[in-house]
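Note sheet for the following structure.
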Amino acid sequence: MAIAKMNKLTLISFHEQKDQLLKSIQELQNLEVVDLHTTELGELDVSANDVDQLRTTIKHCETQIDQIESALTFLQEYLPKKSLLKKLRTKKQAFTLERLSIEVAQFSTKELVNDLLNKQFELEKIDERHQALTEEEAFLLNWKQLNFRKEDVQNPKFITGSVGTVPQHIQNQYINQLKETDTLYVDEIYQNKNEHGIFIAYDRVNEEEVKRLLNECHFDDLTTNFVEHPSKALKKIKHELSQLQTNKEQVIRELEKMETEEWQLMLADEYYQAMLEREKSKLLIVDEKHLFVMEGWLEEAEVESMKASLLNLLNPNDFAVLIEEVKEEDYDRVPIVLNNNSIIAPFESITKMYGLPKYSEMDPTPFVAPFYFVFFGMMVADLGYGLVLWAATFAALKLFNFDKSMQNNLKFFHVLSYPTMIWGLIYGSIFGFSLPFHLLSTSDDVITILILSVVLGLIHILVALGLTTYLRLRDHDKAGAIGDGIGWIGILIGIIIWLLGSAILNNDLLSQIGLIITILGTLGILGAAVVSSDNKGLGLGIGVYNLYGITGYVGDIVSYSRLMALGISGGSIALAFNMIIDFMPPVAKFTIGIVLFVALHAVNIGLSYLSAYVHGARLIFVEFFGKFYEGGGKAFEPLKASEKYIELKNKK
151 MAIAKMNKLT
161 LISFHEQKDQ
171 LLKSIQELQN
181 LEVVDLHTTE
191 LGELDVSAND
201 VDQLRTTIKH
211 CETQIDQIES
221 ALTFLQEYLP
231 KKSLLKKLRT
241 KKQAFTLERL
251 SIEVAQFSTK
261 ELVNDLLNKQ
271 FELEKIDERH
281 QALTEEEAFL
291 LNWKQLNFRK
301 EDVQNPKFIT
311 GSVGTVPQHI
321 QNQYINQLKE
331 TDTLYVDEIY
341 QNKNEHGIFI
351 AYDRVNEEEV
361 KRLLNECHFD
371 DLTTNFVEHP
381 SKALKKIKHE
391 LSQLQTNKEQ
401 VIRELEKMET
411 EEWQLMLADE
421 YYQAMLEREK
431 SKLLIVDEKH
441 LFVMEGWLEE
451 AEVESMKASL
461 LNLLNPNDFA
471 VLIEEVKEED
481 YDRVPIVLNN
491 NSIIAPFESI
501 TKMYGLPKYS
511 EMDPTPFVAP
521 FYFVFFGMMV
531 ADLGYGLVLW
541 AATFAALKLF
551 NFDKSMQNNL
561 KFFHVLSYPT
571 MIWGLIYGSI
581 FGFSLPFHLL
591 STSDDVITIL
601 ILSVVLGLIH
611 ILVALGLTTY
621 LRLRDHDKAG
631 AIGDGIGWIG
641 ILIGIIIWLL
651 GSAILNNDLL
661 SQIGLIITIL
671 GTLGILGAAV
681 VSSDNKGLGL
691 GIGVYNLYGI
701 TGYVGDIVSY
711 SRLMALGISG
721 GSIALAFNMI
731 IDFMPPVAKF
741 TIGIVLFVAL
751 HAVNIGLSYL
761 SAYVHGARLI
771 FVEFFGKFYE
781 GGGKAFEPLK
791 ASEKYIELKN
801 KK
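Per our numbering, the very first residue in the sequence shown carries number 151; after that it's consecutive.
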């Protein structure tokens, strides 16, 4: 239960073996490739031409992936929608890279993508044309009473005419002005809130005068728009719209039958994603004329499987492997893998949320787990809520196939359902109702629960200080162990004993023992500061300043009162909901009351679990990690595939 021991692997082989080796390593998914260009081996760099070729290949893979994902997104809009339950119950198929390559080779990714992109373009053009025709139809519908063309009104020798609009104005000023003009014939075709559609006719002798008047009235001439009768144009538009709809439905029917093509695109996406990762890793490798050198990190437990895989793939004379233990100067570069048992592992998410430990640190997860377990349960503390969480997570884990990240989250909350039920039994609470038995009552034993919360907080802090002491002693820092750990442990324990002796048990001897331990702890902090400083006077001042940290410890201890507050408040809210429903008449209570009961408690369950999750993490991060844990480690990122649609398995 600690940070997994890592080894550095250096692999040397011939160029012609590079692709095979990278595929084998990618299938194992246990080696993080290191960039050797930042090391002394970087002098054996590949030529500029090779680098350009690699970057071209990477760009090609990225382009292919973009096109595939674009085509896949488009296609999935039209495929029959699978139910969420069916999706969750469908297990990913397992592929080796070799089988994946064979499957992808059986169809043309380029042709498939082009076909889908062409269909997408066709649908877009249909929609654009449909939009244009719809707008034209709306325009012509206003003028459908017209029964002549442009030539009919503008070709006569002595009289001419126009069709157009004038805007609405105060008291219809513009249209009235035109109608009142003796030299102008005006026929109003339509009217709406924005404009008047009109046909006008006038003697060509008065053309200049009429044009001036039309300009004053902001007449918009639309005559050239009518190359044929509006009624005929509308018939053509309706026919074309019908044809467009038929064409669109035909394309959509074709898309709805392309489930096989969807799977092919998924495989192609996985194939090019895997290729992209391998090509990127080549940029981290250094080459000389005939050989290449690769370096990476892997767990010590995976070394033998790596060697066996290489021996199955290549002749022993075709490669060389060097395995080294991690050196101290590499501690900041070593990726971190946490290795805990099935009970502790779900709590790794809390540690990772704060930050992975460095290789020189310890994994705090085994110490986080029991406290978070207790704190979370105490802050929810309801048997019914715990049963709901247990049933939901158990069913999800057994019935559905989630990705690894989601599975870890479900396991985490499944484990937390147990302390929730245990504390629910202790408080005698089930969905806000009181059980016939309980160890503590949230209404009568509030002070006892508060004291219990503070005691748990003190234990939590003392464990953190104990870990601080251990880490300082491990690093041969005795002064730090006393000043940062043992001294504060003495002060806190001494104060507790003193309070027990003087305020609770009324025992002078006990109170004196507590006072002595407190003084010894204080002297230890002062002495450690003096010893660790070259300037003794300055060291004493630092020690005195460090003692001011007692105020921080008081605040930390008070912070644990949230264990009591959240547990009682959640139960009180649940009780209030039950009282509201209980006030209903019998008929309403067993009809709408049931629905209300489920809805209100669902809200309270969500809020209770959210509060417990956040505040539990806060107690770990601030009050616990703040005493001994730094974090800042780098996550292990092995060469692997995306595994978005399939699972990658190693070829045996």
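Glycine residues also receive a C-beta, built at the ideal position from the N, C-alpha and C atoms.
Query raised in the report: Are the CB atoms of Y421 and F771 nearer to each other than 8 Å?
Result: no
**Report entry** Alpha-carbon spacing of S584 relative to G644, whole angstroms
**Finding:** 40 Å
Query raised in the report: How would you write the range of the beta strand (DSSP E) that N474 sits in, first residue to last?
Result: The sequence shown places Glu at residue 474, rather than the Asn named in the question. E474 -> beta strand (DSSP E) spans 469 to 475.
Query raised in the report: Could you give the distance in angstroms between the alpha-carbon of F731 and the alpha-carbon of K739?
Result: Reading off the sequence, residue 731 comes out as Ile, not Phe. For I731 and K739, the distance between alpha carbons rounds to 6 Å.
Requested in this report: Measure the alpha-carbon distance for K430 versus Q217 and round it to whole angstroms.
Outcome: 19 Å
Report task. May I ask you to report which of helix, strand or coil DSSP gives P485? Result -> strand
Query raised in the report: If L533 and I500 are in contact, beta carbons under 8 Å, what's the gap, nearest whole angstrom?
Result: Going by Cβ atoms, the distance from L533 to I500 rounds to 24 Å, so no, they are not a contact pair.
Query raised in the report: If you compare alpha carbons, which of I494, K294, N180 is closest to S459?
Result: N180
Requested in this report: Could you tell me how far apart the beta carbons of Y522 and I611 are, in whole angstroms, since I believe they sit closer than 8 Å?
Outcome: Their Cβ separation, rounded to whole angstroms, is 15 Å, which puts Y522 and I611 out of contact at 8 Å.
Requested in this report: With distances taken Cα to Cα, identify the nearest neighbour of Y620 among P514, S591, L642.
Outcome: P514
**Report entry** Integer-rounded CB distance, given that I162 should sit under 8 Å from L415
**Finding:** About 38 Å; that fails the 8 Å criterion.
Query - Continuous beta strand (DSSP E) stretch holding K158: start and end - result: 156 to 164
**Report entry** Outcome for D706 when other beta-carbon atoms lying within 10 angstroms are tallied against a minimum of 16
**Finding:** buried
Query raised in the report: Which residue from M729, N342, D332, G311 puts its Cα closest to that of H319?
Result: N342
Query raised in the report: Based on Cα-Cα distance, which residue from L464, L655, T668 lies nearest to L171?
Result: L464
**Report entry** Beta carbon proximity, L697 to chain D, threshold 8 Å
**Finding:** Note that chain D does not occur in the displayed structure, where there is just one protein chain.
Query raised in the report: Is the beta carbon of L391 within less than 7 Å of some heavy atom of the ligand ADP?
Result: The ligand ADP is not part of this structure, which contains no ligands at all.
Query raised in the report: Where in the stretch 336 to 376 do unbroken runs of the beta strand (DSSP E), each at least 3 residues long, occur, reported from the N-terminal end onward?
Result: 345 to 353
Query - With 16 other Cβ atoms within 10 Å as the buried cut-off, status of L642 - result: buried
Query raised in the report: Do L650 and L659 come within 8 Å of each other at the CB atom, strictly closer than that value?
Result: no
**Report entry** First through last residue of the alpha helix (DSSP H) which encompasses G766
**Finding:** 742 to 768
Report task. Quick one: give me the first and last residue of the alpha helix (DSSP H) that G446 is part of. Result -> That residue, G446, is in no alpha helix (DSSP H); its beta strand (DSSP E) goes 441 to 449.
Query raised in the report: What is the DSSP secondary structure of V524, reduced to helix, strand or coil?
Result: helix
Query - Cβ shell of M529 (< 8 Å), same chain only, five flanking positions each side left out - result: R712, L713, L716, G717, G720, S758, S761, A762, H765, G766
**Report entry** Helix, strand or coil at S312 according to DSSP, with G and I counted as helix
**Finding:** strand
Requested in this report: May I ask you to list the residues that DSSP assigns as paired with S584?
Outcome: S579
Report task. Classify I597 as buried or exposed, calling it buried when 16 or more other Cβ atoms lie within 10 Å of its own Cβ. Result -> exposed
Query raised in the report: If you draw a straight line from the C-alpha of Y535 to the C-alpha of P485, how long is it?
Result: 39 Å
Query - Proximal residues to G175 (C-beta, below 6 Å), its chain only, five neighbours per side dropped - result: The question names Gly, yet the displayed sequence has Ile at residue 175. Excluding residues within five positions, the ones whose Cβ falls inside 6 Å are L181, L789.
Query raised in the report: Excluding sequence positions up to five away, which residues of its chain have a Cβ less than 6 Å from the Cβ of L690?
Result: V680
Query raised in the report: Expressed to the nearest angstrom, what Euclidean distance is found between the alpha-carbon atoms of V476 and S492?
Result: 27 Å
**Report entry** Presumed contact (8 Å Cβ cut-off) between Y340 and C367, rounded CB distance
**Finding:** Y340 to C367, Cβ: 17 Å. No contact.
Query raised in the report: DSSP three-state call for D277: helix, strand or coil?
Result: helix
Query raised in the report: From E454 to L448, what distance separates their C-alpha atoms?
Result: 11 Å
Query - Buried or exposed by the 16-neighbour rule on C-beta atoms within 10 Å, applied to S603 - result: buried
Query raised in the report: Where does K407 land, buried or exposed, given buried means 16+ other C-beta within 10 angstroms?
Result: exposed
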